[in-house]
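See below for the structure under consideration.
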Amino acid sequence: MLYFSKLRIISVIVFTVIFSYFAFSNFVKFDDKFFSKNINLGLDLQGGSYLLLEIDNRPVITQKLQAKIIELKRYFKEKEITLKNFSLKGDTILFETTDKDFENVKNILNDNESDVNTYYPTYKSHEFDVREDGNLFSLNYSRYGLVLLKNSSLDQAIEIVRRRVDEVGTNEPNILKRGNDRILVELPGLDDPNRIKSLLGKTANLTFQFISQNNEESFGTEKLSFEDGSRDAIVSKRIILSGDNLVDAKPSMNSQTNETVVSFSLDRVGAKKFGKATSTGVGKQLAIVLDGKIISAPTVREPIIGGSGQISGDFTFQSATDLALLLRSGALPAPLNIIEERTVGPDLGQDSIDAGILSLFIGFLLVILFMIYKYRAFGLIANLALVSNLFLLIGILTLFEATLTLPGIAGIILTVGMAVDANVLIFERIKEETKNEKNPIIAFDAGYTKSRTTILDANITTLIAAFILFFMGSGPVKGFSVTLGVGILTTLFSVYFIARLLTSLYVVKNKDKEQLL
Amino acid sequence: MRDISFNKFYRKFNILSLVLIVISLAFLIFKGLNYGVDFKGGTLIELRTTDKTNNISLIRDSFNQMNLGDVSVKKFGNETDFIVKFEKQNSNDPEFIKNIQNKLSSSIGDVDFRRVENVGPKVSSELLKSGIIAISLSLAAMLLYIWIRFEWQFSLGAILAIFHDVIITLGIFSIFSLEINLSIVAAVLTIVGYSMNDTVVIFDRVRENLRKYSDIKIFDLTNISINETLSRTIITSVTTLLALLSIYLFGGEILKGFSLAMILGVIFGTYSSIYIANPILVALNVSQRTIVKEEKD
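Protein sequences, first through last, are from chains A and B.
For the first sequence, my numbering gives the first residue as 45, with consecutive numbering after it.
For the second sequence, my numbering gives the first residue as 310, with consecutive numbering after it.
This is the structure in structure tokens:
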């Protein structure tokens with residue numbers, strides 16, 4: 045039917061006006077909070093950095109397995125069961141039992157109430173898979189045990205990453221988990237990601253260890269090199285103090301040497317440990333080790349009992365600031381690797397916006413002129429529908445604060461090109477119907493009815509493509525799928541409500557004319 | 310309504326399409342696609358030089374001295390803009406990009422890095438995999454949709470038409486060594502949607518005409534249907550091409566590959582709805598009974 049009720053006319057107008065208002069709110073500043081929404085610009089348009097980090101969990105796994113060996117030894121010793129020949133081969137813990145204890149050990153390890161091998165009833169899985177070959181036991185992380193471990197190290201890492209990024213003070217960073225070993229960091233407006241990259245690339249494991257008196261590596265010592273690569277030193281493996289005990293760190297100036305240093309303060313436990321170690325170690329060299337490299341190794345002149353100290357070592361003010369930041373934010377549980385980086389400078393982003401708007405404008409103009417040339421008055425109606433379609437599309441994107449990317453702009457332009465399709469289908473159908481039907485109102489009505497399934501079919505196929513792209517695509521491409529998909533919905537609305545309303549008004553008014561279309 | 314005998318040329322155009330597909334497949338198999346850093350891994354730098362006398366060979370020479378593996382340098386729009394791609398990606402060295410910029414500044418004067426993309430081997434192979442999955446999934450979804458909506462003969466026709474468009478579009482990318490990146494995957498998916506859209510419009514009309522005319526054979530019936538929908542086919546592809554052409558010409562260098570793929574896809578999609586999808590209905594001997602049988606079920 046070509047008849048539209050008043051209510052329907054009003055709701056179509058109200059709907060269109062509201063969304064057009066949202067569309068305009070991108071360009072005009074409104075005081076009202078509700079109407080001052082903006083489309084988010086993607087990193088490719090506003091400039092910024094996208095970093096994908098992957099945790100290297102291998103050191104964590106090794107660490108946990110070593111701790112597990114100690115735990116197993118202690119646990120079975122208490123039960124007066126002797127295990128021997130403990131070893132760690134790859135990711136497998138190996139040990140042997142005696143014939144007498146074999147069954148006992150096996151039962152304990154496979155017991156669902158087991159203290160040493162936790163059982164997770166919901167996942168029907170122990171933390172470790174246990175296999176035995178004769179008296180030889182081998183323990184591996186089970187699939188679920190590994191997932192649990194990865195999740196917990198990811199949770200820790202993401203917290204540390206957030207602190208480090210916040211400390212640098214970029215605006216509105218976006219930090220998200222990806223899978224169980226990746227972190228996505230989006231830094232809008234950041235032109236030079238080098239500083240953040242170098243901050244995120246460091247584990248920041250700080251330890252204080254005494255330098256050994258011996259010149260040869262022996263049991264309980266390790267050979268570490270200095271940060272600047274100048275020389276090596278033999279260092280005791282015993283850790284006096286680690287970064288965990290730090291409560292604060294900041295760059296400062298040593299008034300005596302005029303050097304830039306990092307001063308730190310310790311918590312109570314740390315202060316106690318540090319005081320004790322420095323009391324017994326007067327005259328020794330204390331190595332300050334960061335991620336396996338010695339920063340400096342000052343000689344202890346007197347016991348340090350105040351719970352604060354300084355780290356010296358060839359710092360510039362910038363590097364001291366960064367080290368202090370790293371120490372304040374804490375150590376990562378495992379090293380992070382940057383496996384993907386995409387950075388767009390702000391001026392390229394602006395160029396892309398300009399080019400996008402220019403091509404949208406020209407594409408729009410070409411389509412509009414072509415439609416008027418082809419359909420005259422009805423071309424005008426289709427164009428009005430197209431204009432409101434564009435407003436609706438941008439309005440909806442604004443309302444939901446969707447992210448607009450460069451391919452997203454391309455999606456809008458493409459929508460402009462394809463949106464006229466539905467009106468063309470209808471108009472062509474009406475032309476055909478007019479041949480056999482003299483009453484224009486009936487012919488127009490038939491044109492709308494008979495083209496409906498085709499229009500639905502045609503739009504659903506594009507919608508399917510947009511959906512799949514939305515779920516499979518990433519970043520900018522996802523933005524394209526959003527505009528393409530929303531564009532189809534607004535197209536259908538503009539065709540069936542706006543254009544149809546205008547068409548019916550026009551036809552009813554001009555029904556006595558010879559040839560309408 | 311015009312009256313053009315499209316059906317007279319079914320055979321000729323089918324042979325042409327077959328030849329194009331064979332050529333495309335041969336190129337895809339033996340030459341392969343020119344994958345960008347998204348799918349191959351490596352580093353891409355879009356740079357702008359301040360010194361106008363810099364040219365491609367000068368920039369290539371400076372990059373070659375840095376030991377970055379295979380380096381390719383291309384002009385990118387402006388006189389002063391270049392795209393540099395190389396295999397090495399060392400994202401774990403935070404100073405990697407900075408060092409390159411410093412070395413470059415000392416050899417060719419001040420450079421501005423407008424865009425840097427650095428993709429590791431693991432990510433690039435995942436992106437490639439998910440791209441292939443996305444395209445296959447969309448084909449499967451289209452097949453499912455059309456299988457629900459139409460008889461199987463129509464589904465086969467539509468799907469073969471889509472394959473035709475995708476293979477030839479990718480073939481052209483292979484022949485001219487155009488870069489395949491993430492946005493090309495988006496373009497291919499949109500082509501799939503567009504081609505399907507175009508085919509469905511004609512098929513809807515074929516089915517309608519099968520009901521309307523009980524005595525016309527499918528060979529002529531497809532021709533009637535193509536003609537009846539022809540002006541719509543032309544108008545829609547013209548408006549879509551106008552929009553795409555506008556992106557290609559004014560949308561900036563980054564969207565060039567994307568819009569080119571789409572332009573090719575729209576052209577082949579329009580052609581294939583007429584010359585691939587319809588001849589298949591003829592070959593499968595679709596008749597009035599095909600749809601009557603289906604409706605009785």
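Every residue, glycine too, gets a C-beta built ideally from N, C-alpha and C.
Computed from a predicted structure; not experimentally measured.
query = For the region 174 to 189 of chain A, which residues have a beta carbon sitting closer than 7 Å to at least one beta carbon of chain B?
reply = Cβ contacts with chain B come from no residue of the region 174 to 189 of chain A.
ask   = F482 of chain B: buried (16+ other C-beta within 10 angstroms of its C-beta) or exposed?
value = Taking the first residue of the second sequence as position 1, residue 482 of chain B is located at position 173. Looking at its Cβ environment, which holds 16 or more other Cβ atoms inside 10 Å, F482 of chain B is buried.
message = Let's see if you can read the secondary structure: which residues bound the alpha helix (DSSP H) around K553 of chain A?
response = Mapped onto the first sequence, residue 553 of chain A falls at position 509. Counting along the chain, the alpha helix (DSSP H) containing K553 of chain A begins and ends at 544 to 553.
query = Can you tell which of A:K81, A:R206, A:G351 has its C-alpha closest to the C-alpha of R312 of chain A?
reply = On the first sequence, position 268 is the one that residue 312 of chain A refers to. With distances taken between Cα atoms, R312 of chain A lies closest to A:G351.
request  = Identify every run of the alpha helix (DSSP H) within the region 215 to 261 of chain A, keeping only runs that are complete inside it and at least 4 residues long; order them along the chain.
outcome  = Fully enclosed alpha helix (DSSP H) runs of no fewer than 4 residues occupy 238 to 244 of the region 215 to 261 of chain A, in order along the chain.
task = Would you list the residues sitting across from E355 of chain B in a DSSP beta bridge?
result = Taking the first residue of the second sequence as 1, we reach residue 355 of chain B at position 46. Per DSSP, B:I392, B:R424.
message = Measuring only the C-alpha atoms, how far is L528 of chain A from G393 of chain A?
response = For the purposes of this step, residue 528 of chain A is taken as residue 484 along the first sequence, with counting starting at 1. For the purposes of this step, residue 393 of chain A is taken as residue 349 along the first sequence, with counting starting at 1. Between L528 of chain A and G393 of chain A, the C-alpha separation is close to 21 Å.
request  = Taking 8 Å as the cut-off, decide whether the C-beta atoms of D312 of chain B and V428 of chain B are in contact.
outcome  = Locating residue 312 of chain B in the second sequence gives position 3, counting from the first residue. Locating residue 428 of chain B in the second sequence gives position 119, counting from the first residue. One thing to note: D312 of chain B has its Cβ no nearer than 8 Å to the Cβ of V428 of chain B.
request  = Taking a Cβ distance cut-off of 8 Å, strictly less, list which residues of the region 368 to 397 of chain B are near chain A, in chain order.
outcome  = Of all residues in the region 368 to 397 of chain B, none comes within less than 8 Å of chain A when Cβ atoms are compared.
task = Please decide whether L437 of chain B counts as near chain A, where near means a Cβ-Cβ distance under 8 Å.
result = Stepping through the second sequence from its first residue, residue 437 of chain B is reached at position 128. Among the CB atoms of chain A, none fall inside 8 Å of the CB of L437 of chain B.
inquiry  = Quick check on K360 of chain B - is its C-beta less than 8 Å from some C-beta in chain A?
reply    = Here residue 360 of chain B refers to the residue found at position 51 when the second sequence is read from its first residue. The amino acid at residue 360 of chain B is misidentified as Lys; the sequence shows Asp. Chain A contact via Cβ: absent.
message = By the DSSP assignment, the beta strand (DSSP E) with T136 of chain A in it spans what residues?
response = As a working note, residue 136 of chain A is residue 92 in the first sequence. Boundaries of the beta strand (DSSP E) harbouring T136 of chain A: 136 to 140, taken from the DSSP string.
message = Closer than 8 Å is the cut-off here; do at least three beta carbon pairs connect the region 189 to 204 of chain A with the region 370 to 377 of chain A?
response = Taking 8 Å as the limit for Cβ pairs, the verdict is that the region 370 to 377 of chain A does touch the region 189 to 204 of chain A.
task = Starting from L450 of chain A, find everything on chain B with Cβ-Cβ shorter than 7 Å and list it in chain order.
result = As a working note, residue 450 of chain A is residue 406 in the first sequence. Here the neighbours are I563, L564.
inquiry  = Give me the chain A residues within the contact set of F567 of chain B, using Cβ-Cβ distance strictly less than 7 Å, ordered along the chain.
reply    = Position 258 of the second sequence, counted from the first residue, corresponds to residue 567 of chain B. Within chain A, P451, A454 have C-beta atoms less than 7 Å from the C-beta of F567 of chain B, given in sequence order.
Of the listed residues B:G561, B:F528, B:S555, nearest to R320 of chain B (C-alpha basis) = Working through the second sequence from its first residue, we reach residue 320 of chain B at position 11. By alpha-carbon distance to R320 of chain B, the top candidate from B:G561, B:F528, B:S555 is B:F528.
key: As assigned by DSSP and simplified to three states, the class of R175 of chain A   = Locating residue 175 of chain A in the first sequence gives position 131, counting from the first residue. DSSP places R175 of chain A in strand when its eight states are reduced to three.
request  = Grab me the residues of Y492 of chain A's own chain with a C-beta within less than 7 Å of its C-beta, minus the 5 sequence neighbours each way, in chain order.
outcome  = Here residue 492 of chain A refers to the residue found at position 448 of the first sequence. Short of 7 Å from the beta carbon of Y492 of chain A, and not among the five residues preceding or following it, lie these beta carbons of its own chain, in chain order: I470, R544.
query = Got a sec: is the Cβ-Cβ distance from D421 of chain B to anything in chain A below 8 Å?
reply = The sequence position of residue 421 of chain B within the second sequence is 112, counting from 1. Yes, its Cβ sits closer than 8 Å to a Cβ of chain A.
request  = Residues of the region 536 to 552 of chain B with a CB closer than 8 Å to any CB of chain A: list them in chain order, please.
outcome  = Within the region 536 to 552 of chain B, the residues whose Cβ lies closer than 8 Å to some Cβ of chain A are E537, T538, S540, R541, I544, T545, V547, T548, T549, L550, L551, A552, listed in chain order.
key: For L437 of chain B, the nearest candidate out of B:V494, B:Q398, B:K407, B:T549 (CA to CA)   = Mapped onto the second sequence, residue 437 of chain B falls at position 128. Among B:V494, B:Q398, B:K407, B:T549, the Cα nearest to that of L437 of chain B belongs to B:V494.
request  = Rank B:L573, B:D390, B:N532, B:P588 by C-alpha distance to the C-alpha of L551 of chain B and give the top, closest one.
outcome  = Here residue 551 of chain B is taken as the residue at index 242 of the second sequence, counted from 1. It is B:L573.
ask   = Rounded to whole angstroms, how far is the Cβ of V305 of chain A from the Cβ of I338 of chain A, which I believe are closer than 8 Å?
value = Position 261 of the first sequence, counted from the first residue, corresponds to residue 305 of chain A. Position 294 of the first sequence, counted from the first residue, corresponds to residue 338 of chain A. Not confirmed; about 16 Å, so no contact.
ask   = So Y185 of chain A is in the beta strand (DSSP E); what residue range does that whole segment cover?
value = By 1-based counting over the first sequence, the position of residue 185 of chain A is 141. Secondary structure note for Y185 of chain A: its beta strand (DSSP E) is the uninterrupted segment 180 to 185.
request  = Using a Cβ cut-off of 8 Å (strictly closer), state whether L479 of chain B contacts chain A.
outcome  = Position 170 of the second sequence, counting from 1, holds the residue named residue 479 of chain B. So, not an interface residue.
query = What are the boundary residues of the alpha helix (DSSP H) that M375 of chain B is part of?
reply = Locating residue 375 of chain B in the second sequence gives position 66, counting from the first residue. It is not in any alpha helix (DSSP H) - M375 of chain B carries neither H nor E in the DSSP assignment.
query = Opposite P295 of chain A in the DSSP bridges: which residues?
reply = In the first sequence, residue 295 of chain A corresponds to position 251, counting from 1. Beta-bridge pairing by DSSP links P295 of chain A to A:V306.
query = Under a three-way DSSP split, which group does I383 of chain A fall into?
reply = In the first sequence, residue 383 of chain A corresponds to position 339, counting from 1. Residue state, collapsed to three classes: strand.
query = If you pair each beta-carbon of the region 56 to 65 of chain A with each one of the region 410 to 429 of chain A, do three or more pairs fall below 8 Å?
reply = The answer is no - the region 410 to 429 of chain A does not touch the region 56 to 65 of chain A, with fewer than three Cβ pairs under 8 Å.
ask   = Does D501 of chain A get closer than 8 Å to chain B when you measure Cβ to Cβ?
value = Working through the first sequence from its first residue, we reach residue 501 of chain A at position 457. It does: the Cβ of D501 of chain A has a partner Cβ on chain B nearer than 8 Å.
query = Would you call the region 465 to 472 of chain B and the region 414 to 428 of chain A touching, i.e. three or more CB-CB distances under 8 Å?
reply = No contact exists between the region 465 to 472 of chain B and the region 414 to 428 of chain A.
Cutoff 6 Å; reference A321 of chain A; Cβ partners in own chain excluding five residues on either side = For the purposes of this step, residue 321 of chain A is identified with residue 277 of the first sequence, where counting begins at 1. Closer than 6 Å at the Cβ level, and outside the excluded window around A321 of chain A, lie I284.
Environment of M505 of chain B [buried if 16+ CB atoms lie within 10 Å] = Counted from its first residue, the second sequence places residue 505 of chain B at position 196. The residue in question, M505 of chain B, is buried, as its Cβ has 16 or more Cβ neighbours within 10 Å.
query = When burial is assigned at 16 or more other CB atoms within 10 Å of the CB, is R222 of chain A buried or exposed?
reply = Here the question's residue 222 of chain A lines up with position 178 in the first sequence. The residue is exposed, with fewer than 16 neighbouring Cβ atoms inside 10 Å.
ask   = Any C-beta of chain B sitting closer than 8 Å to the C-beta of R386 of chain A?
value = Within the first sequence, the letter at position 342 stands for residue 386 of chain A. Yes, its Cβ sits closer than 8 Å to a Cβ of chain B.
inquiry  = Count Cβ pairs between the region 361 to 371 of chain A and the region 224 to 233 of chain A that sit closer than 8 Å; are there 3 or more?
reply    = These segments do not touch.
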